[in-house]
Amino acid sequence: MPLAVTAVTALAVLGLAPAAHADPGDEISMPDDVLRECVNTALSQNPADPITEGQAAGLTIVNCQNGAVTDLTGIEHMTSLQQAHLGNNPGVTDLAPLEGLDRLWSVAISGTGVDESDLESLETLPALEYLVVSSNGLTDVSSLGTLTGLRFLYINDNDISDVSPLGNLTALELLRLDTNEISDVTALSSLSSLEELHLPHNHVVDLSPLAGLPLTTFGAVGQTVDVGDLLVGAAEPNPVRDRAGAPVALDARYDAGANTFTPTTLGLDSVGWDDGSDFNGELTFTAVEQSAMPIHMPDDALRACVNSELSQAAAADITGAQAAGVSDLYCVDAGVVDLEGIQHLTGMWQANLDGNEIVDLAPLATLGGLEVLSLNENSIVDLAPLATLGSLDTLSLNENDIVAVPELPASIERLTLSENDIADVSGLANVTALTALYLEDNELTDVSALGNLANLQLLALGHNEITEVPVLTPELRHLQLSANEIADVSTLSGLTGLNSLYLDQNRIADVSPVRDGAGLEFFLATGQQADLGDIVIDEQADNPVFDRAGASVALDALYDAGSNTFTPDTLGAGSVGWDDGEAFSGTLAFTVVAAAADPDPEPSPDPEPDPEPSPDPDPEPSPDPEPSPDPEPSPDPQPSPDPEPSPDPEPGPDPAPSPDPAPEPESGPNPEPEPSAQPGPESDDDDEKLAPTDGDTVSALVAGGAFLALAGVGVLLLTRIRRGGEAV
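Note that the sequence shown covers residues -22 to -1, 1 to 706 in mature numbering (1 follows the signal peptide of the UniProt record, and there is no 0).
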């Protein structure tokens, strides 16, 4: 029996050329007999008659559905073709003959054998508006995303799960997606022309992305959604939302107030929903015990590390029971960023997570059984989540981005925090179980909080900016203070139990407080850079360098061992070094300045007259002032019989020493200050003149009027000693 065909023979409809123009020489090739029969039926010819070029070019419709067509060769000659109805021909797999038919606006190929790659031929049909590709077992519709002229699309009854390529088809007015594997319709929110949408029998629970579409016809009944394993007895959020975004009530185990449902029985179970119009379905799940439920661990690198401990594939699911059985986790340099899921490793007592990219430690906060935790070389700033780890014994956090140490578990005995940016360690004051603390290479200036750590045996504080060392526990055995700004180590005097002490590269000149303890086996204090500030040129300065025995250490320049002083002789920056040969060496830096210039002498103010001046009738010298222990005056010089002041000595090459001054005249209302004796040649420096000595002060020169030689001049200056305002 001939196939049922729809033959449109009217020239106005089919656009057939008159039969008189047909020429047997223009016969086209159409090897598929079933297709030839369909076309000849449309041409009112016998099934096997030849078909000419002119006849083929005049056809606008070919209808050959529900048959056994396998080869579409020959259709390419139908240059006026507008509609091709070729559905339900399972043998059709190649759509190439349709390529380039620029008037073809409707193609129906449901139930054929075409696959995703065959659909690429449709990209060459610029007029295509109507497409039916239902029931073809399609899983990928990426090639349809380029058909932006489509207005009607039927892709129902396939195996499609991803509809994101369809988001480009903004001219669509009708879309049939029923009976697929779709669970997410977010991509459809851009279809602003869509009026009719069919979504029955998929896996959609949330229709809210469709809220803005101008739909007049919609259906989404018969949804089936498997939400996997759920914990028995635990409330689960209801995921069902209608197109307005409102929750849709469930028909069992539902709490409307909380919008949750709670599995109550172990095993396979379900709850349903129905919004009363066009959206209904069923949530299926398996209620399980906690131990059988897979944990959520989104970081693939962390999951791989845990699975390595479990001897299973890197991406394998990890159940709660498996996670709880992990006791020791090694995950070094693995690229871990997110620790989410590690909280399920409740049996873990030791974890090494060095060399990753971890920032957030919050998932560790509930692992109360952790005893050893290493997180070196990460990007951690906040340590607060670790405060709850009450069993923590050893914590290592070198090379992170920590700036302050908050309160940490008091149980910690060994803590390493080197190579961070820490400036505040006040949070350690209560971590009194600490026996070893490493804080090297930070920004510390104040470590007073460490004075509370009574059990500390090892403390490493090198390469900071510490200036003062607090009084530390005498339990200390090892102390590292290298490369700081410390000048005074007097607070270390009580650390008699030290085995090793590092003080190198500081500003220390005196290590005498560091006595030899009974067990001090190693001491290093090289490379000191002490600063003495300003020192007056040519004046002796005390040597401040003392070794551990309290003995002075010789300086390498400008040094007088007898007086244990050094005398700078050049203005400007200077330094002297030392090395005791016993691991104590350094440099004293200073700035040599000139002595302050004496101001020009000013006349002494007029002495106040005695209330009742008494003339001195005795021209003889007065006895030595009492109770001065100074030696008696020399008997050689005699007082001048002349009560007038002695004149200045005449200049000469070898002037004789002047006698003691004659007694001063009685106080008058305006007595002039008595000048000092001058050297023979006139002095160029007025500052060398001796001003009268204070009445209650004994001159630093020889008491009793002894003669004093001035070096380089050879002139003896008369020394005057005044007592009580009277000349002696």
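Quick reminder that beta carbons are idealized off the backbone N, C-alpha and C, glycines included.
Thinking C-beta only, is residue j closer than 7 Å to residue i?
| i | j | result |
| --- | --- | --- |
| I336 | N354 | no |
| T504 | D482 | yes |
| T117 | D96 | no |
| E260 | G245 | no |
| V218 | P241 | no |
| L375 | L348 | no |
| A279 | A292 | no |
| G552 | V570 | yes |
| A78 | T102 | It is worth fixing the name first, because residue 78 is Gly in this sequence and not Ala. Going by C-beta atoms, G78 is nearer than 7 Å to T102. |
When the Cα of residue i is compared with those of the options, which residue comes out closest?
| i | options | result |
| --- | --- | --- |
| P9 | A20, N24, P28 and S22 | P28 |
| L549 | F562, E397, G303 and D512 | D512 |
| E463 | G475, T445, L470 and E453 | T445 |
| A362 | L144, A294, P387 and P241 | P387 |
| G32 | A539, E5, G298 and E267 | E5 |
| G197 | T372, N258, L473 and D207 | N258 |
| G405 | L431, S168 and A465 | L431 |
| L345 | M271, V514, S139 and L307 | L307 |
| D516 | T543, D525 and E499 | T543 |
| V381 | D538, G368 and S396 | S396 |
| T195 | E151, Q201 and D184 | E151 |
| T372 | P384, L415 and A539 | L415 |
List the residues that DSSP assigns as beta-bridge partners of residue i.
| i | result |
| --- | --- |
| N330 | Y308 and S352 |
| A86 | H63 and V110 |
| H176 | R154 and G197 |
| V514 | V571 |
| Q506 | G564 |
| S167 | Note: S167 sits in no beta bridge, so no partner. |
| I39 | Q61 |
| E391 | Answer by DSSP bridge pairing: none, since E391 is not bridged. |
| R219 | D184 and P225 |
| V203 | L261 |
| G552 | F568 |
| E421 | Partner(s): none; E421 has no beta bridge. |
| S22 | Paired residues: none, contrary to the question. |
| D488 | F524 |
Excluding sequence positions up to five away, which residues of its chain have a Cβ less than 6 Å from the Cβ of residue i?
| i | result |
| --- | --- |
| T157 | N134, D135 and H179 |
| N420 | N398, I400 and N442 |
| A62 | V40 and V85 |
| P341 | L317, E318, I320 and Q321 |
| L470 | P491 and V492 |
| D207 | T264, V266 and M271 |
Which of the three DSSP states, helix, strand or coil, is assigned to residue i?
| i | result |
| --- | --- |
| Q268 | helix |
| N258 | strand |
| L406 | helix |
| T543 | strand |
| G45 | coil |
| L280 | helix |
| D4 | helix |
| P75 | helix |
| L103 | coil |
| D96 | helix |
| Q300 | helix |
| D135 | coil |
| R14 | helix |
| T451 | coil |
| Q33 | helix |
| T372 | strand |
| Q458 | strand |
| I320 | helix |
| A236 | coil |
| L498 | coil |
| S530 | strand |
| G145 | helix |
Please go through the same chain and pick out, in chain order, the residues whose beta-carbon is closer than 8 Å to the beta-carbon of residue i, but skip the five residues on each side of it.
| i | result |
| --- | --- |
| A302 | S269, H322, L323, T324 and G325 |
| R231 | F239, T240, P241, T242 and V249 |
| A411 | A388, S389, I390, E391 and N433 |
| L166 | V141, L144, G145, L153, L172, L175, P187, L188 and L191 |
| R455 | Q435, L436, G475, L476, N477, S478 and G497 |
| P215 | N237 and T238 |
| L82 | L59, Q60, Q61, A62, L76, L103, A105 and L106 |
| P452 | G472, L473, T474 and G475 |
| V489 | V467, L481, A503, F524, D525, R526 and F562 |
Starting from the C-beta of residue i, find all residues in its chain whose C-beta is less than 7 Å away, skip the five residues before and the five after it, and write them out in chain order.
| i | result |
| --- | --- |
| D252 | N258 |
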